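Everything in the sequence shown is counted per my numbering, starting at 73 for the first residue and increasing by one.
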Amino acid sequence: MLPDKPGVYLMKDDKGRIIYVGKAVNLKNRVRSYFQSSRNHSPKVLALVARIADLEYIITASEIEALILECNLIKKHRPKYNISLRDDKTYPYIKITNEDYPRVYATRKVQKDGARYFGPYTSAGAVHETLRLLKSLFPLRSCRNLDAKRPCLEHHIKRCLAPCTGNVDKAAYGEMIKAVSLLLEGRSDAVVKNLKRRMAEAAEKLEFEQAARLRDQLAAVEKVIEKQNIVTGSGDQDAIGLARSAAGTCAQVFFIRSGKMVGRDHFMLAGGEHETDEDILAAFVKQYYSQAAFIPREILLPFELAEQHLLAEWLSSVKGGRVQVETPKRGTKKDLVNMAAGNAATVLEEQAARLEADTDKTAGAAAELGRHLGLPAAPERIECFDISHIQGSETVASMVVFEGGQPNKNEYRRYKLKTVEGKPDDFKSMQEVVGRRYRDALGKGPVPDLIIIDGGKGQLNAALPVIRAAGLIEVPVVGLAKEFEHIFREGISEPLILPRHSQALYLVQRIRDEAHRFAITYHRKLRSKRNMVSVLDHIPGIGSKRRKALWDHFGSLAKIKAAEVEELAAVPGMTTPAAEAVYTFFRTQTL
Numbered sequence: 073m074l075p076d077k078p079g080v081y082l083m084k085d086d087k088g089r090i091i092y093v094g095k096a097v098n099l100k101n102r103v104r105s106y107f108q109s110s111r112n113h114s115p116k117v118l119a120l121v122a123r124i125a126d127l128e129y130i131i132t133a134s135e136i137e138a139l140i141l142e143c144n145l146i147k148k149h150r151p152k153y154n155i156s157l158r159d160d161k162t163y164p165y166i167k168i169t170n171e172d173y174p175r176v177y178a179t180r181k182v183q184k185d186g187a188r189y190f191g192p193y194t195s196a197g198a199v200h201e202t203l204r205l206l207k208s209l210f211p212l213r214s215c216r217n218l219d220a221k222r223p224c225l226e227h228h229i230k231r232c233l234a235p236c237t238g239n240v241d242k243a244a245y246g247e248m249i250k251a252v253s254l255l256l257e258g259r260s261d262a263v264v265k266n267l268k269r270r271m272a273e274a275a276e277k278l279e280f281e282q283a284a285r286l287r288d289q290l291a292a293v294e295k296v297i298e299k300q301n302i303v304t305g306s307g308d309q310d311a312i313g314l315a316r317s318a319a320g321t322c323a324q325v326f327f328i329r330s331g332k333m334v335g336r337d338h339f340m341l342a343g344g345e346h347e348t349d350e351d352i353l354a355a356f357v358k359q360y361y362s363q364a365a366f367i368p369r370e371i372l373l374p375f376e377l378a379e380q381h382l383l384a385e386w387l388s389s390v391k392g393g394r395v396q397v398e399t400p401k402r403g404t405k406k407d408l409v410n411m412a413a414g415n416a417a418t419v420l421e422e423q424a425a426r427l428e429a430d431t432d433k434t435a436g437a438a439a440e441l442g443r444h445l446g447l448p449a450a451p452e453r454i455e456c457f458d459i460s461h462i463q464g465s466e467t468v469a470s471m472v473v474f475e476g477g478q479p480n481k482n483e484y485r486r487y488k489l490k491t492v493e494g495k496p497d498d499f500k501s502m503q504e505v506v507g508r509r510y511r512d513a514l515g516k517g518p519v520p521d522l523i524i525i526d527g528g529k530g531q532l533n534a535a536l537p538v539i540r541a542a543g544l545i546e547v548p549v550v551g552l553a554k555e556f557e558h559i560f561r562e563g564i565s566e567p568l569i570l571p572r573h574s575q576a577l578y579l580v581q582r583i584r585d586e587a588h589r590f591a592i593t594y595h596r597k598l599r600s601k602r603n604m605v606s607v608l609d610h611i612p613g614i615g616s617k618r619r620k621a622l623w624d625h626f627g628s629l630a631k632i633k634a635a636e637v638e639e640l641a642a643v644p645g646m647t648t649p650a651a652e653a654v655y656t657f658f659r660t661q662t663l
């Protein structure tokens with residue numbers, strides 16, 4: 073029996089996995105609503121209820137405690153049926169370390185280590201651009217070393233104060249870090265005021281070199297401020313906009329600090345297809361501000377939320393000061409929210425265009441290729457073969473697979489050819505590899521819709537009898553000439569020339585290049601192994617079994633050369649005398 077108290081409920085499936093986390097003012101009434109008449113339930117709730125096998129609940133002292141616990145549990149378990157920030161765990165942050173002379177750098181891990189984190193940012197490029205700006209404004213330490221005898225090049229080119237030498241005043245460096253923090257919070261006016269004060273103090277003390285350095289920093293900061301547009305009278309605000317389309321759901325946040333627009337970020341939301349706009353916005357606000365490094369005094373929303381006052385109370389407790397959550401009806405604040413929503417809609421339009429372009433490059437390109445080849449349907453599975461060797465040595469072949477116009481690397485295969493070793497013959501090599509691939513292929517695994525032989529008419533004529541003999545009578549087989557991507561078809565003497573700049577041509581080029589890359593990679597690996605074996609042939613007591621054991625254990629000749637006697641002796645099949653022989657051989661060679 074559920075209690076009539078506030079709390080959090082966790083719904084689990086038959087495997088014990090948490091699939092939904094929710095909060096309630098009255099646990100009994102809220103949970104009961106899921107199992108009452110299903111006529112008013114959304115498809116998502118119906119699917120959720122059908123999968124509930126167990127229920128767990130946690131009673132809290134108040135609704136705000138339930139809200140905090142709900143945020144933490146969603147972040148920890150990422151339940152399937154909760155709305156969530158897409159891939160929020162991989163968003164980059166800017167970190168100011170908790171050291172005597174802090175470093176500032178990008179990270180994707182937020183730890184409880186006393187450091188300050190700014191973010192999350194959706195663009196890694198924006199993070200690195202911000203770091204480049206900070207580096208140009210302030211001579212920050214970037215290395216880990218704090219105990220050096222002399223400064224490095226960064227100090228000589230005036231990009232670091234060299235705290236590693238112990239000649240930098242900790243308080244002065246701390247002032248610089250304080251300015252960095254203010255800039256990252258968007259408080260550029262406070263930075264300017266602080267720099268002017270410190271520059272005047274340095275000039276009064278006749279520390280003209282320090283005053284000149286502060287003057288340059290001040291000029292750089294003021295140049296940055298000039299690029300920021302004043303949008304409101306004053307104060308720190310976040311304006312949130314929401315947009316939905318077939319491409320997904322996007323939330324856009326505008327950051328206004330001290331009345332100036334200092335940046336923006338967009339976030340894609342997953343799992344809200346059947347949710348109301350209010351539910352999606354509430355879920356975003358909870359998840360975003362539960363991990364945000366800075367909470368402004370005012371948050372502007374595009375429409376009213378049922379738990380708006382509760383969110384304001386929660387955010388105020390997190391910030392340690394009053395936070396207002398408002399829904400502006402008119403004026404500049406309303407314009408800001410509308411602008412954020414417009415930008416969110418633009419992001420979705422761009423995403424839809426990218427998806428359409430990706431489709432054109434993959435499935436669309438395969439369909440276009442099928443039309444040019446006269447196939448009855450688009451080739452879903454394409455297999456391509458390539459041969460690689462150097463004057464007949466270490467002859468290998470590769471088979472790459474594209475499905476729906478995209479590479480399926482799990483289906484790739486590579487072959488070490490046996491019939492032509494030492495005698496370069498691409499025709500016989502192609503016959504061997506297609507024979508090994510398609511022998512007994514019918515009824516044992518997927519059959520391709522199109523086979524591409526990298527080479528041209530000669531390789532095509534060599535491979536065709538083998539493929540047909542294997543029972544693949546109806547599968548189209550084409551040869552791809554080494555130059556110009558001319559396509560040779562069975563029974564047609566003239567090559568097919570695909571239109572320049574067509575997606576079909578680009579797809580054929582990608583398939584050919586991928587087959588070539590895969591074959592070359594395998595060929596190089598075998599050649600490296602052969603070269604290592606030829607060197608080990610000169611060491612007494614090292615036969616074929618020990619050579620293989622050394623290769624399997626170390627993987628490269630360089631690692632064998634660098635190994636100590638104890639490491640060599642630990643390899644299965646090796647003895648101490650054999651290990652000493654290998655060790656001595658390479659040390660003698662080095663000398």
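Backbone N, C-alpha and C define an ideal beta-carbon position, used for all residues, glycine too.
Computed from a prediction, not measured in an experiment: that's the story for all the values here.
Open item on the list: Along the chain, where does the alpha helix (DSSP H) containing M73 start, and where does it finish?
Closed with: Stepping through the sequence shown from its first residue, residue 73 is reached at position 1. Note, M73: premise wrong, no alpha helix (DSSP H); not H, not E.
Open item on the list: Can you give me the C-alpha to C-alpha distance between E428 and E483, rounded to a whole angstrom?
Closed with: As a position in the sequence shown, residue 428 is number 356, starting the count at 1. As a position in the sequence shown, residue 483 is number 411, starting the count at 1. Between E428 and E483, the C-alpha separation is close to 26 angstroms.
- [ ] Evaluate A196 with the Cβ neighbour count: other Cβ atoms within 10 Å of its Cβ, from every protein chain shown; 16 or more gives buried, anything less gives exposed.
- [x] By one-based count along the sequence shown, residue 196 stands at place 124. Exposed, because fewer than 16 other Cβ atoms sit within 10 Å of the Cβ of A196.
Open item on the list: According to DSSP, is S574 part of a helix, a strand, or is it coil?
Closed with: The residue you call residue 574 lines up with position 502 of the sequence shown. Coil.
TODO: With DSSP collapsed to three states, give me the class of F342.
DONE: What you label residue 342 is simply residue 270 of the sequence shown in a count that begins at 1. First, the amino acid is wrong: residue 342 is Ala here, not Phe. Reduced to three states, the DSSP call for A342 is strand.
Open item on the list: Taking the beta carbon of L218 as the centre, do at least 16 other beta carbons fall within 10 Å, making it buried, or is it exposed?
Closed with: Walking along the sequence shown from the start, residue 218 turns up at place 146. Exposed is the call here.
TODO: Say whether the region 373 to 390 touches the region 207 to 215, bearing in mind that this needs 3 or more beta-carbon pairs closer than 8 angstroms, one atom from each stretch.
DONE: no
Open item on the list: Does G186 pass the burial test, meaning 16 or more other C-beta atoms within 10 Å, or should it be called exposed?
Closed with: Within the sequence shown, numbered from 1, the residue matching residue 186 stands at position 114. When all chains shown are included, G186 counts as exposed.
Task: Segment limits, beta strand (DSSP E) that includes Q396 - done: The sequence position of residue 396 within the sequence shown is 324, counting from 1. Where Q396 is concerned, the enclosing beta strand (DSSP E) stretches over 396 to 398.
Open item on the list: On the criterion of 16 or more Cβ atoms from any shown chain inside 10 Å, does V643 qualify as buried, or is it exposed?
Closed with: On the sequence shown, residue 643 is found 571 positions in, with the first residue counted as 1. Answer is buried; the Cβ neighbour count reaches 16.
Task: T202, buried or exposed, once every other Cβ within 10 Å from all chains shown has been counted against 16 - done: For the purposes of this step, residue 202 is taken as the residue at position 130 of the sequence shown. By the 10 Å Cβ count, T202 comes out buried.
- [ ] Can you check the region 536 to 589 for any alpha helix (DSSP H) of at least 4 residues that lies completely inside it and give the ranges in chain order?
- [x] none
TODO: Jot down the residue ranges of each uninterrupted beta strand (DSSP E) in the region 103 to 138, minimum 3 residues, whole runs only, in chain order.
DONE: 126 to 131
Open item on the list: Check whether the region 145 to 155 and the region 163 to 171 touch, using three or more Cβ-Cβ pairs below 8 angstroms as the test.
Closed with: no
Task: Best match in T434, S330, V397, G477 for proximity to D308 [C-alpha to C-alpha] - done: As a working note, residue 308 is residue 236 in the sequence shown. Taking only the C-alpha atoms, the option nearest D308 is S330.
Open item on the list: Please return the same chain residues whose Cβ sits closer than 8 angstroms to the Cβ of H558, not counting the five positions on each side in sequence.
Closed with: Residue numbering aside, residue 558 sits at position 486 when the sequence shown is read from its first letter. Closer than 8 angstroms at Cβ, skipping near neighbours: G528, L552, P567, L568, I569.
- [ ] Could you round the C-beta distance between A587 and L441 to whole angstroms and report it? I think they count as a contact, below 8 angstroms.
- [x] Position 515 of the sequence shown, counting from 1, holds the residue named residue 587. Position 369 of the sequence shown, counting from 1, holds the residue named residue 441. Not really, about 16 angstroms apart at Cβ, beyond 8 angstroms.
Task: 7 angstroms CB neighbourhood of V199 in its chain, flanking five on each side removed - done: What you label residue 199 is simply residue 127 of the sequence shown in a count that begins at 1. Once the five neighbours on either side are set aside, the close Cβ partners of V199 are P164, I166, A178, Y193.
Open item on the list: the ligand MG and A535: does the residue's C-beta get closer than 8 angstroms to at least one heavy atom of that ligand?
Closed with: Among the components modelled here there is no ligand, and therefore nothing to report on the ligand MG.
TODO: Indicate the three-state DSSP secondary structure (helix, strand or coil) for F190 in the structure shown.
DONE: Along the sequence shown, read from residue 1 onward, the residue named residue 190 stands at position 118. Here F190 sits in strand by DSSP.
Open item on the list: Using the Cβ count rule (16 or more neighbours within 10 Å means buried), how would you classify G238?
Closed with: Position 166 of the sequence shown, counting from 1, holds the residue named residue 238. Looking at its Cβ environment, which holds fewer than 16 other Cβ atoms inside 10 Å, G238 is exposed.
Task: Residues of its chain near P520, where Cβ-Cβ distance is below 7 angstroms and the 5 sequence neighbours each way are ignored - done: Within the sequence shown, numbered from 1, the residue matching residue 520 stands at position 448. Contacts found: R453, I454, E455, V547.
Task: Residues near V80 in its chain [Cβ-Cβ closer than 6 angstroms; skip 5 each side] - done: Taking the first residue of the sequence shown as 1, we reach residue 80 at position 8. Closer than 6 angstroms at Cβ, skipping near neighbours: K95, I130, A138, L141, E142.
- [ ] Report the rounded CA-to-CA distance for P235 versus L255, giving the unit in angstroms.
- [x] One-based indexing of the sequence shown puts residue 235 at position 163. One-based indexing of the sequence shown puts residue 255 at position 183. Near 22 angstroms, if we compare the C-alpha coordinates of L255 and P235.
Open item on the list: Contact defined as beta carbons within less than 8 angstroms: I believe L82 pairs with E128. What is the distance between those atoms, to the nearest angstrom?
Closed with: Numbered from its first residue, the sequence shown carries residue 82 at position 10. Numbered from its first residue, the sequence shown carries residue 128 at position 56. At roughly 4 angstroms, the Cβ-Cβ gap stays under 8 angstroms, so L82 and E128 are in contact.
Open item on the list: Taking DSSP's pairing of strands, which residues face S470 in a bridge?
Closed with: Along the sequence shown, read from residue 1 onward, the residue named residue 470 stands at position 398. According to DSSP, S470 bridges with D458, R486.
Task: Alpha carbon of G718 to alpha carbon of A125, nearest angstrom - done: Look at the range of the chain in this structure, 73 to 663, and you will see that residue 718 is not part of it.
Open item on the list: Quick check on the burial criterion: 16 or more other C-beta atoms within 10 angstroms. Buried or exposed for E273?
Closed with: Here residue 273 corresponds to residue number 201 of the sequence shown, with the count starting at 1. So E273 ends up on the exposed side.
Task: Delimiting residues of the beta strand (DSSP E) encompassing Y165 - done: As a working note, residue 165 is residue 93 in the sequence shown. Segment 165 to 168, the beta strand (DSSP E) holding Y165.
TODO: Look up C322 in the DSSP assignment and say whether it is helix, strand or coil.
DONE: Translated into the one-based positions of the sequence shown, residue 322 becomes position 250. DSSP places C322 in strand when its eight states are reduced to three.
Task: Distance between I367 and R222 (C-alpha atoms, nearest Å) - done: As a first step, residue 222 must be located in the sequence shown, where it is residue number 150. As a first step, residue 367 must be located in the sequence shown, where it is residue number 295. Rounded to whole angstroms, R222 to I367 spans 42 angstroms at the Cα level.
Task: Under the three-state DSSP convention, the category E534 falls into - done: Numbered from 1 along the sequence shown, position 462 holds the residue referred to as residue 534. Checking the displayed sequence, the identity of residue 534 turns out to be Ala instead of Glu. Looking at A534 - three-state DSSP - the assignment turns out to be helix.
Task: Reduced DSSP secondary structure (H/G/I, E/B, other) of D85 - done: The sequence position of residue 85 within the sequence shown is 13, counting from 1. Coil at D85, not helix or strand.
Open item on the list: Tell me which residue opens and which closes the beta strand (DSSP E) that S317 is part of.
Closed with: The residue given as residue 317 occupies position 245 in the sequence shown. Taken as a continuous stretch (DSSP letters only), the beta strand (DSSP E) holding S317 covers 309 to 317.
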